[in-house]
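Structure record follows, encoded as structure tokens.
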Amino acid sequence: MSLYFKYLLILFKSQMQYRTSFWLLSFGQFFIPFTVFAGVYLMFERFGEIKGWSFFEVALCFSIIHMAFAISECFARGFDAFSGLIISGEFDRLLVRPRSTVLQVMGSKFEFTRIGRLIQSLLVLVWAISQLTLEWTLLKGFVLFMMIASGTIIFTGIYILAATLCFWTIQGIEVANIFTDGGREMAQYPLNIYHKWVARFFTYVIPFGCVNYVPLLFILGKISNHTIWHVISPLAGFLFLLPCLLVWRFGVRHYVSTGS
Amino acid sequence: MSRAYFSVFKLSLLNGMQYRVAALAGVSTQFFWGFMIIMIFEAFYNSSVQGQPIELSQMITYVWLQQAFLSFIMLWFRDQELFGLITTGNIAYELCRPAEIYGLWYAKLLAQRLASAILRSLPILIVASVLPDPYRLNWPADIPTVLLFIISLSLGLLLVVSISMLIYISVFITLSPTGSLLLFGVLGEFLAGMIIPVPLMPGWLQDIVKIFPFHYTADFPFRVYTGHIPQDEAVKGLGFQFVWLIGLVITGKFTMSRSLRHVVVQGG
Chain A
676 MSLYFKYLLI LFKSQMQYRT SFWLLSFGQF FIPFTVFAGV YLMFERFGEI KGWSFFEVAL
736 CFSIIHMAFA ISECFARGFD AFSGLIISGE FDRLLVRPRS TVLQVMGSKF EFTRIGRLIQ
796 SLLVLVWAIS QLTLEWTLLK GFVLFMMIAS GTIIFTGIYI LAATLCFWTI QGIEVANIFT
856 DGGREMAQYP LNIYHKWVAR FFTYVIPFGC VNYVPLLFIL GKISNHTIWH VISPLAGFLF
916 LLPCLLVWRF GVRHYVSTGS
Chain B
1052 MSRAYFSVFK LSLLNGMQYR VAALAGVSTQ FFWGFMIIMI FEAFYNSSVQ GQPIELSQMI
1112 TYVWLQQAFL SFIMLWFRDQ ELFGLITTGN IAYELCRPAE IYGLWYAKLL AQRLASAILR
1172 SLPILIVASV LPDPYRLNWP ADIPTVLLFI ISLSLGLLLV VSISMLIYIS VFITLSPTGS
1232 LLLFGVLGEF LAGMIIPVPL MPGWLQDIVK IFPFHYTADF PFRVYTGHIP QDEAVKGLGF
1292 QFVWLIGLVI TGKFTMSRSL RHVVVQGG
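Protein chains in written order, with our numbering: chain A, 676 to 935; chain B, 1052 to 1319.
Written out as structure tokens, the structure reads:
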């Protein structure tokens, strides 16, 4: 783990060498989800509500998934850019080092400019919470924290899966975007607005629903008799990571270098 | 002279048509997006009692058209090669060619978008038009509408290429495509109604949208198709599209020759 932080520090320092570029890119990252959020706001101005969810409730949903996405893009960027490592043959070098490949790939790249995205979502989160009249308890705060952490882990898991595919095909895999970008766009609204099968897929297969929709029912007090499942559902993200890591290991074992 | 442009166009078109598997992956991604957006609209429409400026069935057709002709409208559709030419200085070779650079690049960018659309639009249009009822892409009302749609879509394509030419030209000055792509991409997409469809925007925002050319690239042809814009207004809109196109091409040519005059290519 200390190795990971060393990677983090070195890459942070190197990105900070280009300070102006860093701030400009961060600024840009601030604006991309900004228009998306403006879109959500305008939709609510036109329609009022969506299946019983008010604007600020959806804003909370939105901010959690976008924060998780921003954090995962910053810290797990190495997997997102993994095809580059395979093409250049760099991956062979990682294999001969006596450390885990997951750690090394993860540490190969960080995208600190995502701070812009994170700040934007954080502002939305604070705004939403300040406008909603909720009774906050320590448990609710903890669940909220877990939702963001677990969301980050789900996105990381998907990046790992997509990276594993690179062992077999070098082509950039556009389909994986369905689950990262698509999952993000989808989970920014509460899952009950979609058809049953979609909601089920994004709850039980890729558990995006478990990191915002289900626990939000508890936090927002949408259901009177919440169960223990609503509270601990964010843990599903951690469960999701396990098979991803197994698949990754399987991929590494089957990796055949081109030798060049 | 025009034969040179035509052969660049043809070559880029054939080159773009090679990426069939990538296009197939793209088609499935767009289907997913289309469905997702439609489900969100459906939920919004079901939640509100008052009438909306555009019907849900028209909205669904609008979404499918957006997905099918995505390569005609998105501004971040970029050619890394052209950016490379500018930033590495290889532009010097381009300048030696006995043809005007604006026309050559225009032909190339046009062909790329067209190739991508040929591969992607048909499968989406065909499948979307046989889907079960609420999700179906409806056919246009009559023949004149079809004609108006085809003309406005083609003009929209020419418009989007002339806008993206401005992005490339701006790189002469900034030397980094990131900033202008971001500005044009984020703002342009919003103003073209890609984030929230123009008819659903509040009035004040629609007034702003009308100042810019972006909605003529995507929003206008699709609303002509669905019949949301009546035919007499559509004809008027075609005129505006044409005027914008002429204006943007002239601006592009002018700024390009201006910035080319300042280009200093270092030897080596």
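The beta-carbon is built from N, C-alpha and C at its ideal position, and this holds for glycine as well. Remember, predicted model here, so these are calculated numbers, not experimental data.
Min CB distance residue i to chain A below 8 Å
{"i": "LEU1233(B)", "result": "yes"}
{"i": "SER1099(B)", "result": "yes"}
{"i": "LEU1182(B)", "result": "no"}
{"i": "LEU1251(B)", "result": "yes"}
{"i": "ILE1224(B)", "result": "no"}
{"i": "GLN1084(B)", "result": "A quick correction: the sequence has Trp, not Gln, at residue 1084(B). Judged by the 8 Å Cβ criterion, TRP1084(B) is in contact with chain A."}
{"i": "GLY1319(B)", "result": "For GLY1319(B), the predicted model reports a pLDDT of 49, less than 50, meaning its position is unreliable and no value from the coordinates is stated."}
Contact list for residue i against chain A, beta-carbon separation under 7 Å
{"i": "PHE1095(B)", "result": "MET718, PHE722, ILE725"}
{"i": "ILE1105(B)", "result": "Correct list: empty, because the minimum Cβ distance to chain A is about 10 Å."}
Listed by chain order, chain A residues near residue i by CB distance under 9 Å
{"i": "MET1125(B)", "result": "Those within 9 Å of MET1125(B) in chain A number zero; the least Cβ separation is about 14 Å."}
{"i": "THR1229(B)", "result": "SER696, LEU699, LEU700, GLY703"}
{"i": "PHE1263(B)", "result": "Residues of chain A passing the Cβ test: none, with the nearest at roughly 14 Å."}
{"i": "MET1110(B)", "result": "Under the 9 Å cutoff, chain A gives no residues; its nearest Cβ is about 12 Å from MET1110(B)."}
{"i": "VAL1237(B)", "result": "GLY703, PHE706, ILE707, PHE709, THR710"}
Cutoff 8 Å: residue i Cβ touching any chain B Cβ
{"i": "LEU895(A)", "result": "no"}
{"i": "VAL711(A)", "result": "yes"}
{"i": "GLY759(A)", "result": "no"}
{"i": "GLY884(A)", "result": "no"}
{"i": "GLY753(A)", "result": "no"}
Residue environment, residue i, which counts as buried when at least 16 other CB atoms sit within 10 Å
{"i": "GLY1319(B)", "result": "Low confidence applies here, because GLY1319(B) scores a pLDDT of 49, under 50, leaving its location unreliable and the question unanswered by this model."}
{"i": "ARG741(A)", "result": "Looking at the sequence provided, one finds His at residue 741(A) rather than Arg. Buried: at least 16 other Cβ atoms inside 10 Å."}
{"i": "LEU1171(B)", "result": "Residue 1171(B) is actually Arg in this sequence, not Leu. ARG1171(B) comes out buried."}
{"i": "CYS749(A)", "result": "buried"}
{"i": "ASP1270(B)", "result": "buried"}
{"i": "GLU1284(B)", "result": "exposed"}
{"i": "THR695(A)", "result": "exposed"}
{"i": "THR1112(B)", "result": "buried"}
{"i": "ASP1258(B)", "result": "exposed"}
{"i": "CYS1147(B)", "result": "exposed"}
{"i": "SER805(A)", "result": "exposed"}
{"i": "ALA1179(B)", "result": "buried"}
{"i": "SER1099(B)", "result": "exposed"}
{"i": "GLN692(A)", "result": "exposed"}
{"i": "TYR1153(B)", "result": "buried"}
{"i": "LYS688(A)", "result": "exposed"}
{"i": "ILE1247(B)", "result": "buried"}
{"i": "ASP755(A)", "result": "buried"}
{"i": "ARG1164(B)", "result": "buried"}
Expected contact under 8 Å - CB spacing of residue i and residue j to nearest Å
{"i": "PRO909(A)", "j": "MET781(A)", "result": "With a Cβ gap of about 22 Å, PRO909(A) and MET781(A) do not count as contacting."}
{"i": "CYS1267(B)", "j": "GLY1207(B)", "result": "Residue 1267(B) is actually Tyr in this sequence, not Cys. Going by Cβ atoms, the distance from TYR1267(B) to GLY1207(B) rounds to 6 Å, so yes, they are a contact pair."}
{"i": "PHE737(A)", "j": "PHE719(A)", "result": "That belief does not hold up - the Cβ atoms of PHE737(A) and PHE719(A) are roughly 11 Å apart, past 8 Å."}
{"i": "SER1122(B)", "j": "ALA1055(B)", "result": "SER1122(B) to ALA1055(B), Cβ: 24 Å. No contact."}
{"i": "VAL733(A)", "j": "ILE739(A)", "result": "Wrong, their Cβ atoms sit about 11 Å apart, outside the cutoff."}
{"i": "SER1213(B)", "j": "LEU1299(B)", "result": "4 Å"}
{"i": "GLN1282(B)", "j": "PRO1195(B)", "result": "6 Å"}
{"i": "PRO882(A)", "j": "ALA911(A)", "result": "4 Å"}
Residues that residue i contacts on chain B, provided the C-beta gap is smaller than 7 Å
{"i": "ASN852(A)", "result": "THR1080"}
{"i": "PHE697(A)", "result": "Going along chain B, no residue has its Cβ under 7 Å from PHE697(A), so there is no contact; the nearest lies around 12 Å."}
{"i": "TYR864(A)", "result": "ILE1091"}
Chain-ordered chain B contacts of residue i [CB-CB under 8 Å]
{"i": "GLY714(A)", "result": "PHE1241, ILE1246, ILE1247"}
{"i": "MET861(A)", "result": "MET1087"}
{"i": "HIS870(A)", "result": "MET1090"}
{"i": "GLY764(A)", "result": "Chain B residues near GLY764(A): none, gap ~22 Å exceeds 8 Å."}
{"i": "GLY857(A)", "result": "THR1080, PHE1083, TRP1084, MET1087"}
Contacts of residue i in chain B (Cβ-Cβ under 9 Å)
{"i": "GLU786(A)", "result": "Here the premise fails: no neighbours, minimum Cβ distance about 13 Å."}
{"i": "PHE731(A)", "result": "Simply none; closest approach about 16 Å."}
### Query
Does the region 1067-1081 of chain B come close enough to the region 869-882 of chain A to have 3 or more Cβ pairs within less than 8 Å?
no
### Message
Under 8 Å, with one C-beta from each stretch per pair, do the region 821-835 of chain A and the region 1060-1067 of chain B reach the 3-pair mark?
### Response
no
### Query
Is it a yes or a no for the region 782-793 of chain A touching the region 746-760 of chain A, going by three-plus beta-carbon pairs under 8 Å?
yes
### Query
Per the contact definition of three or more C-beta pairs closer than 8 Å, is the region 1134-1143 of chain B in contact with the region 913-930 of chain A?
no
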